[in-house]
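Have a look at the structure below, then the notes.
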Amino acid sequence: MTASLAFLASPRPEAKAAKARLEQVYGHVPIEEAEIIVALGGDGLMLDALHLSIKTGARVYGMNFGSVGFLMNEFREDGLTERLARAERARIHPLRAIGEDIHCKPFEALAINEVSLLRETRQTAKIKITIDGKSRMAELQADGVLVATPAGSTAYNLSAHGPILPLNSKVLALTPISAFRPRRWRGALLPHNIKVGFEIMEPSRRPVSAVADNQEFREVARVDVVEAQDVVLTMLFDPGRDLAERILVEQFEN
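Just so we're aligned: 13 in this note's numbering is position 15 of the sequence shown, and the numbers increase by one with no gaps anywhere.
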């Protein structure tokens, strides 16, 4: 039996046009009723589709209309049903960020790629880092710091000179962003099942925002980051182009 499909397109005209053609050929249902969401765009749209799938449990298959498309498959209109039937699955857990701002307003968000803390002004951020409640760095002075999943390790984390993580490594990357003190600290690899705590020092004078994928929270006072082991997301990839293989290949690219 063929899985029910919903198509999601980026704002690019060519992606919207492809969505209309694919819907005519393969049929479509509303997002909330789909077994598979087919995302037509770049990695940003893939993240949007995965966030939509959190509520529905749908699998997500991306076809590239973006610039990088690390999480996407090659775009082709023909043979989609067969490609989906043969697709390999990559199951991942997002991160859960739980915190509050300087006005004691709580927030919570899920992040598939990373949770980033970023300075809001010209003032360097000062951040205390704890691991499972134990202080590991009394004060990091930097533009910010992030926690990345293996699936997100080739995104912002890599740009910040963090390590690329194999998909099945069961570790998280803790990576500073333009660290000033300690100047030589390059971050840490952490077990996936720990809690990373961030406490903002002088939060009113040195405001910091927390960003979980595409959600931003301003003037945060503290943030705890854990793996959301109760949430499982499923991405579909053409055979031989699965996410684990792409992450491995990326480590040998110039």
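Ideal placement from N, C-alpha and C gives every residue a C-beta, glycine not left out. Note that this is a predicted model, so its numbers are computed, not measured.
Could you check the C-alpha separation between L253 and G77 for me, to the nearest Å?
No answer is possible for residue 253: the residues shown for the chain start at -1 and end at 252.
Within its chain, find whatever has a CB closer than 8 Å to the CB of R220; leave out the 5 residues flanking it on each side and keep chain order.
G97, E98, G195, F196, E197 and I198
Hey, out of T79, M233, G238 and A1, whose CA is closest to I110's CA?
M233
Check whether the Cβ atoms of I175 and D141 lie closer than 7 Å to each other.
yes
Keeping to the same chain, check which residues put their C-beta closer than 8 Å to that of D268; ignore five residues upstream and five downstream.
Any answer about residue 268 is impossible in this case: the structure gives the chain only from -1 up to 252.
By Cβ distance, which residues of its chain are closer than 6 Å to V209, with the 5 residues on each side in sequence left out?
S114
Look at A13 and L50 and say whether their C-beta atoms are less than 7 Å apart.
no
Just how far apart, CA to CA, sit P180 and S65?
35 Å
So if DSSP puts Y24 in a beta bridge, which residue, or which two residues, is it bridged to?
Answer is none; Y24 lacks a bridge partner.
Between which residues of its own chain and S207 is the CB-CB distance below 6 Å, once the five residues before and five after are set aside?
L116, E118, E214 and R216
Contiguous beta strand (DSSP E) assignments of at least 3 residues, all confined to the stretch 63 to 120:
86 to 90, 93 to 99, 104 to 109 and 112 to 117
Measure the alpha-carbon distance for A7 versus E200 and round it to whole angstroms.
42 Å
Coil, strand or helix - I245 by DSSP
helix
Please classify T147 as buried or exposed, where buried requires at least 16 other C-beta atoms within 10 Å of its C-beta.
buried
In its own chain, which residues sit with a C-beta less than 6 Å from the C-beta of M135, not counting the 5 before and 5 after it?
I127
Is it true that the CB of P92 sits closer than 7 Å to the CB of A254?
The chain is shown only over -1 to 252; residue 254 falls outside these bounds and no answer can be derived.
From the DSSP output, which residues share a beta bridge with T54?
DSSP, once it has assigned bridges, lists no residue as partnering T54.
Cα-Cα separation, A85 to L138:
43 Å
Is DSSP giving P148 helix, strand or coil here?
coil
Chain-order list of residues whose beta-carbon lies under 6 Å from that of I161 (same chain, five-residue window excluded):
Correcting the residue type first, residue 161 is Pro in the shown sequence and not Ile. If we look at P161 and ignore the five residues flanking it on each side, its Cβ neighbours are A171.
For the beta strand (DSSP E) that L3 lies in, which residues bound it at each end?
L3 to A7
Using the Cα positions of D222 and L156, report the straight-line distance between them to the nearest angstrom.
22 Å
Tell me the DSSP secondary structure of S157 in three-state form.
helix
Looking at the structure shown, is R220 part of a helix, part of a strand, or coil, going by DSSP?
strand
Opposing strand residues paired with T128 [DSSP bridges]
S133 and G195
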